[in-house]
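**Student:** Before anything else, here's the structure in question.
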Ligand code: M6R
């Protein structure tokens, strides 16, 4: 989703801004731009193409300066078009739409009261050049400006309703950028006599590792070699200076090499054995303390689990519900974060609230977490892939998955490593509650440690999956079936296929087929079936018969020992043997490969599917 980079320096910062945008590209965007303070005025370049094209444009136009801001935009208000791309300039009262004003601004988030502000500012003579909610902020700051940018920003911010991270500079103050956050992430990067802001520490990798994670409501004033952070003191109604810790952060670059792979998604699917091994690296035995100091006390206090997440992370949580209830015997509910945050639910203080997130910055999940806490559920834990993210900072306990940077919008290795983290959580809760014998602990640990090898064996099925993908590429619809623990895996398979191949795909628990979706089954409808050799296998076989009897085409990922054989209308790829409770981690892999190769056969933009963003930092 949108990305911000800004800098105040004595050197030309355009290459740093552009490089920062490139590192944020993976989040998804549909336009980009950069603005600098040059020759006593504001200059900018904007593009609806890639950041590389923006870089070319900026070089051609001779854009170079020591103070500037840059942005990647994921359209919310107004189409992806150059005139809607950030940075936006204020155009003061009575100026024409093309007039260059004195304020330049970039923004992430959504301003909910933009209509009201727009009407007010228009009445004051401000001229709007875009359909964005963002432009009102530039004009509002201009309206309050009387020689001190920080003062103007501090006056404007209380008028905004919604979520934002902004970075602003002014024509009349050449060596100053002011930035602020409320609901969208923003970090300050402290350099040698230069300072930076960015949506993510990763954008500043190689520039500075001295990072301040700004808190909600913080406003930072960046100048050459110094900065101040302030926030509104609700008692006095004035902004007061605050101190924030500077952390040394070794952020990895998002621009990882593709190596022999065609896309990041393919690379990330094949990285899963290593990602799982890394996630298990520090695990020598099961103990609550894997989740942080004090986890034993927290686990003893809680008697239910509430999982909050979105998208793929929601499906890993849905899988974990089966583990938590059957192994740890703890009642578990799983909620879509964007729904939970607005729902009247019945809070129970003895609940462990578990958020799951690859990025750790998903706005809906963070809001759901805060909602749960506001209702008195103080015990919070996150399974997250980014140790420096807002989610980790917000939660009492954490398990950091070690998937490494995930660039492809479609989540793959983050999902399987989340499952590993959630399985460890299940075992730790089971142990605390007296449901994990030493023998069971040893057996589960042995299975976990063997997972990388088991996943590797599944990856070897790729050529067979490619053969199926040619068929799938010609379809417009697909059904996915699973039962029990593998129903969320069917959901995840369907999400992967629709997300990157744009084929309409739905998943059902196989037993639900005859209650409606069977009506969709014809020879044209591929029905992907996840068939582990578990207690529900015979039931699943009956469901498969229901499909065959209606002429449906079954594509079955069957465990080696299921005795399901290929025949007319029944296509089988044989998985390794049944892997017990951890089987979902193996069964999702061929579904990822199927989605990937189908998307390749259809020629879609696999790593950056249309309309989607990697990190969903707005509601
Ligand atoms: O970063 P998060 O795990 O919180 O993201 C949640 C979803 O936006 C994400 O899983 C999304 O569904 C993926 N693109 C699916 O592949």
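In the numbering used here, the protein residues as written are 197 to 815. Cβ atoms here follow ideal geometry from the backbone N, Cα and C, with glycine treated the same way.
#1: Just curious, the beta strand (DSSP E) that residue 408 is in, first and last residue?
#2: Following a CB-centred definition, is residue 432 positioned closer than 8 Å to any heavy atom of the ligand M6R?
#3: Can you tell me whether residue 354 is buried or exposed, with buried defined as 16 or more other CB within 10 angstroms of its CB?
#4: Where does residue 249 land, buried or exposed, given buried means 16+ other C-beta within 10 angstroms?
#5: Spell out a yes or no on whether the segment 513–526 and the segment 491–502 are touching, meaning 3 or more CB-CB pairs, one atom from each, closer than 8 Å.
#6: Take residue 297 and list the residues in its own chain whose beta-carbon comes closer than 7 Å to its own, dropping the five residues that flank it on each side.
#7: Take residue 717 and list the residues in its own chain whose beta-carbon comes closer than 6 Å to its own, dropping the five residues that flank it on each side.
#8: Residue 356 and residue 487 - do their beta-carbons sit closer together than 9 Å?
#9: Three Cβ pairs or more, each shorter than 8 Å: is that satisfied between the segment 463–478 and the segment 784–801?
#10: Within 8 Å: the Cβ of residue 692 and any heavy atom of the ligand M6R?
#11: Quick check: the segment 263–270 against the segment 222–238, are at least 3 beta-carbon pairs closer than 8 Å?
#12: How many angstroms separate the CA atom of residue 360 from the CA atom of residue 303?
#13: To test your reading of the DSSP string, which unbroken beta strand (DSSP E) runs of 3 or more residues are found completely within the segment 425–486?
#14: May I ask you to report which of helix, strand or coil DSSP gives residue 822?
#15: Hey, out of 623, 251, 628, 369, whose CA is closest to residue 637's CA?
#16: Using 10 angstroms around the beta-carbon of residue 546, count the other beta-carbons present and answer buried if the total reaches 16, otherwise exposed.
#17: Is any heavy atom in the ligand M6R found nearer than 8 Å to the beta carbon of residue 766?
#18: Below 8 Å on the Cβ atoms is my contact criterion, and I expect residue 615 with residue 781 to pass it. Report the Cβ-Cβ distance as a whole number of Å.
#19: Just to check, is the beta-carbon of residue 513 closer than 8 Å to a non-hydrogen atom of the ligand M6R?
#20: Distance, Cα to Cα, residue 450 vs residue 572?
#21: Given residue 395, which residues of its chain have a CB within under 7 Å of its CB, disregarding the five upstream and five downstream residues?
#22: Given residue 798, which residues of its chain have a CB within under 7 Å of its CB, disregarding the five upstream and five downstream residues?
#23: Would you mind stating whether residue 568 and residue 549 have Cβ atoms separated by less than 9 Å?
#24: Pull the bridge partners of residue 780 from the DSSP assignment, please.
#25: Taking the alpha carbon of residue 475 as the point to measure from, which residue in 314, 582, 551, 398 has its own alpha carbon closest?
**Tutor:** This is what the structure holds:
#1: 406–409
#2: The answer is no for residue 432.
#3: Around the beta carbon of residue 354, a 10 Å sphere encloses fewer than 16 other beta carbons of the protein chains shown; the residue is thus reported as exposed.
#4: exposed
#5: yes
#6: 285, 286, 287, 288, 291, 338
#7: 743, 746, 748
#8: no
#9: Under the three-pair Cβ rule at 8 Å, the segment 463–478 counts as touching the segment 784–801.
#10: Checking the Cβ of residue 692 against the ligand M6R gives yes.
#11: yes
#12: Between the C-alpha atoms of residue 360 and residue 303 there is a straight-line separation of about 6 Å.
#13: 434–438
#14: Here the chain comprises residues numbered 197 to 815, so residue 822 is not present and cannot be evaluated.
#15: 623
#16: exposed
#17: no
#18: 5 Å
#19: no
#20: Caution is warranted here: a pLDDT of 48 is assigned to residue 450, below 50, making its placement in the model unreliable, and the coordinate value is therefore given only provisionally. Rounded to the nearest angstrom, the two C-alpha atoms are 37 Å apart.
#21: 199, 200, 220, 304, 361, 381, 382
#22: 669, 697
#23: yes
#24: For residue 780, which the question treats as bridged, DSSP gives no partner whatsoever.
#25: 582
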